[in-house]
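In what follows, a single structure is set out as structure tokens and then discussed.
In structure tokens:
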């Protein structure tokens with residue numbers, strides 16, 4: 001490259017105190033540091049990023065995914081690893097792919113997860129996806145899961161760490177929020193086989209059952225594209241070399257670290273070339289802190305970075321990296337790769353999978369499907385019953401006429417003709433209710449239905465009251481005669 005690079009490293013132990021001491025020691029000891037590479041822990045990255053901008057020093061992180069590091073708050077901070085905000089786009093793409101338009105969310109009430117959730121809510125709204133219920137938790141999740149179940153949420157989007165993930169899915173097992181009716185989509189940036197921890201609050205078999213079918217979004221460790229990178233090797237060749245040297249330890253960020261080193265090298269090369277065009281007698285060795293020119297050159301170099309790395313195309317958009325996102329699904333006790341999402345093109349590719357989604361079964365529905373069926377009375381049956389009721393009305397009318405005409409006859413007079421009339425009228429009303437009870441939308445208009453419903457109730461009630469009341473009166477009269 002034509003530029004010699006001296007590397008000064010410090011192990012910061014994820015401690016803000018250790019990190020800041022190491023940073024100030026490096027800044028006050030020569031030679032001048034042209035760029036910072038790190039850190040990996042937010043509690044160290046945050047104070048160093050805030051302090052380094054006062055030296056007009058550019059910083060590149062290879063492993064810190066916290067969403068708080070935005071270009072507005074940290075203009076000199078770049079990262080070669082995608083932010084956790086980048087995990088939202090594949091989620092939305094997945095929802096749209098399976099036509100899931102009704103979802104609920106649950107997130108851990110901490111800045112790392114709350115910031116990602118806020119961005120997710122905005123993305124859902126932009127994509128016209130209905131957010132039915134949002135729940136956060138700090139110390140317990142039972143109440144949040146109860147609310148989600150009450151609202152009949154079937155597609156659940158989760159943002160929480162792996163400790164809470166185990167607790168949540170144990171509770172989900174107890175609440176029945178798992179299985180073919182439900183689809184969980186959570187972040188997958190956890191440790192390997194995180195579900196096998198002995199700290200789980202339920203039986204491993206129960207946890208595995210609750211996790212069945214869960215989809216996880218994770219960083220893609222290495223691109224699956226078989227192309228030569230800027231280093232001259234393919235991702236497979238790099239992985240083979242990495243595995244031969246790493247020993248027993250494994251880091252999910254190893255590919256991003258490698259691409260980060262190349263990013264730094266190319267940035268330094270760019271600045272070294274640019275400074276010679278501006279000041280012919282200056283080189284990269286003349287770098288100075290708190291110098292606006294050097295700051296501008298390094299910011300320009302990183303913003304113009306563009307090369308093919310082992311993790312995919314390396315470019316920065318508002319100081320952020322857009323990279324490939326891996327989609328996994330928990331099937332039969334293990335995580336299997338089901339697809340990739342290209343953050344640059346916005347394309348979701350579910351063809352690169354190791355197993356069939358949901359073991360070949362259809363995806364869950366995003367809501368309880370309500371099918372409205374119009375039930376109608378069989379016209380033949382109605383005609384028979386209505387005809388029988390009409391015959392009954394005609395016969396009752398004849399009996400009523402006879403009862404009135406011959407009411408003074410001895411046998412009729414002794415049988416209480418007035419009560420007989422009420423019984424007959426009650427029967428006629430009851431017969432009439434049969435005709436009204438059989439009417440439906442195919443035999444009447446919608447406008448007439450309120451009147452028909454009223455007639456149904458009153459005819460049956462009045463008919464039964466008249467007929468039964470009169471019959472009871474006659475029975476009571478006979479009872480009184482024989483008991484006196």
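Residue numbers (the UniProt record's numbering): 1 to 484. Beta carbons: idealized from backbone N, C-alpha and C, even for Gly.
Using the Cα positions of residue i and residue j, report the straight-line distance between them to the nearest angstrom.
{"i": "residue 20", "j": "residue 50", "result": "11 Å"}
{"i": "residue 268", "j": "residue 160", "result": "38 Å"}
{"i": "residue 498", "j": "residue 271", "result": "Residue numbering for the chain in the displayed model covers 1 to 484; residue 498 lies beyond these limits and cannot be assessed."}
{"i": "residue 65", "j": "residue 81", "result": "7 Å"}
{"i": "residue 504", "j": "residue 260", "result": "There is simply no residue 504 to check, as the chain begins at 1 and stops at 484 in what is shown."}
{"i": "residue 175", "j": "residue 253", "result": "36 Å"}
{"i": "residue 69", "j": "residue 373", "result": "54 Å"}
{"i": "residue 230", "j": "residue 329", "result": "32 Å"}
{"i": "residue 239", "j": "residue 326", "result": "17 Å"}
{"i": "residue 370", "j": "residue 122", "result": "29 Å"}
{"i": "residue 458", "j": "residue 386", "result": "18 Å"}
{"i": "residue 419", "j": "residue 410", "result": "15 Å"}
{"i": "residue 308", "j": "residue 256", "result": "12 Å"}
{"i": "residue 158", "j": "residue 186", "result": "5 Å"}
{"i": "residue 358", "j": "residue 334", "result": "13 Å"}
{"i": "residue 476", "j": "residue 482", "result": "10 Å"}
{"i": "residue 116", "j": "residue 83", "result": "9 Å"}
{"i": "residue 302", "j": "residue 78", "result": "8 Å"}
{"i": "residue 296", "j": "residue 18", "result": "29 Å"}
{"i": "residue 429", "j": "residue 472", "result": "18 Å"}
{"i": "residue 146", "j": "residue 58", "result": "47 Å"}
{"i": "residue 324", "j": "residue 140", "result": "34 Å"}
{"i": "residue 62", "j": "residue 219", "result": "12 Å"}
{"i": "residue 440", "j": "residue 377", "result": "7 Å"}
{"i": "residue 154", "j": "residue 317", "result": "35 Å"}
{"i": "residue 149", "j": "residue 44", "result": "39 Å"}
{"i": "residue 216", "j": "residue 299", "result": "34 Å"}
{"i": "residue 452", "j": "residue 331", "result": "57 Å"}
At which residues does the beta strand (DSSP E) containing residue i begin and terminate?
{"i": "residue 106", "result": "102-108"}
May I ask which residues mark the beginning and end of the alpha helix (DSSP H) holding residue i?
{"i": "residue 420", "result": "417-437"}
{"i": "residue 61", "result": "Where residue 61 is concerned, there is no enclosing alpha helix (DSSP H), although the beta strand (DSSP E) it sits in stretches over 58-61."}
{"i": "residue 399", "result": "379-405"}
{"i": "residue 468", "result": "449-483"}
{"i": "residue 414", "result": "410-414"}
{"i": "residue 373", "result": "Unbroken run through residue 373: none, as it is neither H nor E."}
{"i": "residue 496", "result": "Past the boundaries of the shown model lies residue 496; the chain is included only from 1 to 484, so the question cannot be answered."}
{"i": "residue 88", "result": "88-97"}
{"i": "residue 143", "result": "142-150"}
What did DSSP end up calling residue i once you bin it into helix, strand or coil?
{"i": "residue 227", "result": "coil"}
{"i": "residue 130", "result": "strand"}
{"i": "residue 125", "result": "helix"}
{"i": "residue 79", "result": "strand"}
{"i": "residue 15", "result": "coil"}
{"i": "residue 244", "result": "helix"}
{"i": "residue 442", "result": "coil"}
{"i": "residue 136", "result": "strand"}
{"i": "residue 365", "result": "coil"}
{"i": "residue 111", "result": "helix"}
{"i": "residue 263", "result": "helix"}
{"i": "residue 3", "result": "With a pLDDT of 48 at residue 3, under the threshold of 50, the predicted position of this residue should be treated as unreliable, though the coordinate-derived value follows. Here residue 3 sits in coil by DSSP."}
{"i": "residue 119", "result": "helix"}
{"i": "residue 234", "result": "coil"}
{"i": "residue 85", "result": "helix"}
{"i": "residue 20", "result": "helix"}
{"i": "residue 277", "result": "helix"}
{"i": "residue 285", "result": "helix"}
{"i": "residue 66", "result": "coil"}
{"i": "residue 268", "result": "helix"}
Leaving out five residues before and five after residue i in sequence, what residues of the same chain have Cβ atoms less than 7 Å from its Cβ?
{"i": "residue 192", "result": "none"}
{"i": "residue 200", "result": "166, 170, 207"}
{"i": "residue 202", "result": "170, 173"}
{"i": "residue 138", "result": "109"}
Grab me the residues of residue i's own chain with a C-beta within less than 8 Å of its C-beta, minus the 5 sequence neighbours each way, in chain order.
{"i": "residue 437", "result": "456, 460"}
{"i": "residue 422", "result": "466, 467, 469, 470"}
Near residue i, what residues of its chain come up, given a Cβ to Cβ distance below 6 Å and the 5 sequence neighbours on each side ignored?
{"i": "residue 41", "result": "14"}
{"i": "residue 287", "result": "32, 34, 294"}
At a Cβ threshold of 7 Å, is residue i touching chain B?
{"i": "residue 253", "result": "Here there is only one protein chain, and chain B is not present."}
(message) Runs of 3 residues minimum, wholly inside the segment 297-361: which ones carry the beta strand (DSSP E) assignment?
(response) 307-309, 312-314, 324-331, 334-342, 347-349
(request) Counting only runs of 4+ residues fully inside the segment 26-56, write out the alpha helix (DSSP H) ranges in chain order. (result) 42-52
(message) Could you tell me which whole alpha helix (DSSP H) segments of length 4 or greater appear in the segment 155-228?
(response) 162-175, 204-211
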